[in-house]
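The next block holds one structure in the form of structure tokens; read it before the comments.
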Amino acid sequence: MLHYRNFLPEELAADPSFRRWVLFNNPADEALWDEWLEQNPDKQDLVNRARNFLAATEAAFDRISDEEVANEIYRLSHAIGENNAKKSSIWLRFRPNWYHMAASVLILMFAGWWYNKQTLSQKQSDQYKVILSQIKEPLIEAVNSGKEAKLVILEDGSSVLLQPDSRITYPRRFEGRKREVFLRGEAFFEVAKNPDKPFYVYAHTLATKVLGTSFKVSAFDDQEVKVVVKTGKVSVFPMTKEAIASQHADDKLGGMVLTPNQQITFAPNELRLTRSLIPDPKLLELPIQRQSFEFKGTPITEVFAALEKSYGVKIVFDAEVMQNCYLTASLSDEPLFEKINLICKTIGAQYEQLDASIIINSKGCY
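In UniProt numbering, the protein residues as written are 1 to 366.
In structure tokens, the structure reads:
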């Protein structure tokens with residue numbers, strides 16, 4: 001029964017032996033699970049959550065209307081290839097005595113359906129569970145139920161600053177060619193560099209692939225999923241079977257690539273992936289001395305080049321149109337967007353942000 005250690009609560013609730021124990025107090029299964037809990041005391045929380053899931057689903061089963069039951073059975077019959085199935089609600093005009101006995105079987109179908117119906121974001125994270133179930137190494141789950149951030153150190157030297165109401169699941173050792181962790185909630189990652197073994201963070205409906213960098217992932221249920229990069233580069237892609245297979249087969253960073261001061265927001269309900277600059281871009285930690293923002297009659301091309309280098313932000317402008325633009329100004333502690341705004345006011349230009357770039361609109365300087 002050791003394979004149960006890597007189960008999610010929903011998967012454990014769907015296990016026949018577990019259901020016989022919880023729902024029908026089967027003596028043989030009770031003995032098996034009592035023994036398993038003695039051998040795996042750290043999984044008591046998993047068992048409790050699976051119990052609660054079964055209780056909630058069984059209670060919800062009686063609240064599902066007859067029409068919903070008929071429609072779902074019709075849909076499921078087609079999903080498994082029964083093309084001649086006919087939708088009918090005649091047999092559902094009453095619920096005979098065997099109806100509740102059959103719940104032990106039907107709950108397998110309706111548990112997932114009802115749960116997904118209530119939480120669309122959970123429906124879109126099926127691949128998350130598939131990948132998690134394929135991990136062969138023993139898994140550890142770190143949970144932060146406190147009010148302060150919790151530091152988690154992984155065996156490869158990577159660190160995870162786990163925020164309150166968050167949890168992360170990861171192997172005790174990273175075997176094979178990938179390092180994979182699973183996040184619910186929010187965490188800041190500082191990943192140890194290892195180009196031969198990419199690091200993957202699976203969070204709700206979005207996956208992030210890195211070779212060594214620092215970034216933040218926020219993936220709470222029923223909310224947008226967000227990835228923010230501090231250093232290095234990351235590749236972000238929706239958690240679909242096709243996208244993940246493509247990323248696993250390629251050692252390079254594909255998908256939508258993020259660099260420092262950039263973020264991606266994924267709205268699961270709208271299937272919308274948006275890349276942008278973070279609200280307050282920070283200066284990069286450059287290996288050379290801090291960039292000076294003292295400009296005296298400096299060509300605007302050099303000004304923008306200095307900002308691009310210091311913040312890692314792409315500034316798009318027409319160098320030919322702005323060839324006569326020069327800047328004399330002292331810019332120091334202002335946030336990036338304030339610097340850009342002051343520059344634009346000085347030379348009579350405007351700016352906008354588009355796809356994590358700053359676009360400068362100007363008619364030139366005379």
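No residue lacks a Cβ here, since even glycine has one placed at the ideal position from N, Cα and C.
Given V22, which residues of its chain have a CB within under 6 Å of its CB, disregarding the five upstream and five downstream residues? Position 22 of the sequence shown, counted from the start, is the residue given in the question as residue 22. The answer, listed in chain order, is R51, L54.
Which same chain residues end up closer than 6 Å to F304 when comparing Cβ atoms and leaving out the 5 residues on each side of it in sequence? For the purposes of this step, residue 304 is taken as the residue at position 304 of the sequence shown. Only I315 meet the Cβ criterion.
For S235, which beta-bridge partners are listed by DSSP? Translated into the one-based positions of the sequence shown, residue 235 becomes position 235. Paired residues: K209, V257.
Run the CB neighbour count on L354, radius 10 Å, all protein chains shown included, and call it buried at 16 or more, exposed below. Your numbering for residue 354 matches position 354 in the sequence shown. It counts as exposed.
Report buried or exposed for V69, applying the criterion of at least 16 other Cβ atoms within 10 angstroms of its Cβ. As a working mapping, residue 69 is identified with position 69 in the sequence shown. The pLDDT assigned to V69 is 49, lower than 50, so where the model puts this residue is not dependable, and the model offers no usable value.
Between the CA atoms of I360 and Y366 - distance to the nearest angstrom: Numbered from its first residue, the sequence shown carries residue 366 at position 366. Numbered from its first residue, the sequence shown carries residue 360 at position 360. Their backbone Cα atoms lie some 17 Å apart in a straight line.
Suppose you measure from the CA of I300 to the CA of P198; what does that come to, to the nearest Å? Here residue 300 is taken as the residue at index 300 of the sequence shown, counted from 1. Here residue 198 is taken as the residue at index 198 of the sequence shown, counted from 1. Approximately 40 Å, taken between the alpha carbons.
Check whether the segment 190-207 touches the segment 219-232, taking contact to mean three or more Cβ pairs, one atom from each stretch, closer than 8 Å. yes
If contacts are defined as beta-carbon pairs under 8 Å, then T213 and G232 qualify, I think. What distance do you get, rounded to the angstrom? The residue labelled residue 213 in the question sits at position 213 within the sequence shown. The residue labelled residue 232 in the question sits at position 232 within the sequence shown. With 8 Å as the limit, T213 and G232 qualify as a contact, their Cβ atoms being about 3 Å apart.
Among A28, L32, V321, N261, whose alpha-carbon lies nearest the alpha-carbon of S310? For this step, residue 310 is matched to residue 310 along the sequence shown. Nearest C-alpha to S310: N261.
Determine whether the beta carbon atoms of L273 and V234 lie at a separation below 8 Å. Residue numbering aside, residue 273 sits at position 273 when the sequence shown is read from its first letter. Residue numbering aside, residue 234 sits at position 234 when the sequence shown is read from its first letter. No.
If I'm right that G146 touches A192 with Cβ under 8 Å, what's the distance once you round it to whole angstroms? The count along the sequence shown starts at 1 and reaches residue 146 at position 146. The count along the sequence shown starts at 1 and reaches residue 192 at position 192. Actually they do not touch by this definition, with Cβ atoms about 26 Å apart.
In angstroms, rounded to a whole number, what distance separates the CA positions of G176 and V152? For the purposes of this step, residue 176 is identified with residue 176 of the sequence shown, where counting begins at 1. For the purposes of this step, residue 152 is identified with residue 152 of the sequence shown, where counting begins at 1. The straight-line gap from Cα to Cα measures roughly 22 Å.
Which whole-angstrom value describes the C-beta separation of Y128 and M239, a residue pair presumed to lie in contact below a C-beta threshold of 8 Å? Sequence index remark: in the sequence shown, residue 128 carries index 128 (1-based). Sequence index remark: in the sequence shown, residue 239 carries index 239 (1-based). Right, the Cβ-Cβ distance comes to about 6 Å (below 8 Å), so this counts as a contact.
Quick check: what's the CA-CA separation for P195 versus V201? By one-based count along the sequence shown, residue 195 stands at place 195. By one-based count along the sequence shown, residue 201 stands at place 201. Taking the straight line joining both Cα atoms gives about 16 Å.
Just reading off the beta strand (DSSP E) that N144 is part of, what are its end residues? Taking the first residue of the sequence shown as 1, we reach residue 144 at position 144. Its beta strand (DSSP E) spans residues 139-144.
Helix, strand or coil for E67? Go by DSSP, reduced to three states. As a working note, residue 67 is residue 67 in the sequence shown. Because the pLDDT of E67 is 48, which lies under 50, any placement of that residue in the model is unreliable, and the number read from its coordinates should be weighed accordingly. E67 falls in the helix class under three-state DSSP.
Cut-off 7 Å between Cβ atoms - residues of its own chain near A319, not counting five sequence neighbours on either side: For the purposes of this step, residue 319 is taken as residue 319 along the sequence shown, with counting starting at 1. Excluding positions up to five away in sequence, the list reads T301.
CA-CA distance, E352 and N341? By one-based count along the sequence shown, residue 352 stands at place 352. By one-based count along the sequence shown, residue 341 stands at place 341. Answer to the nearest angstrom: the Cα atoms are 10 Å apart.
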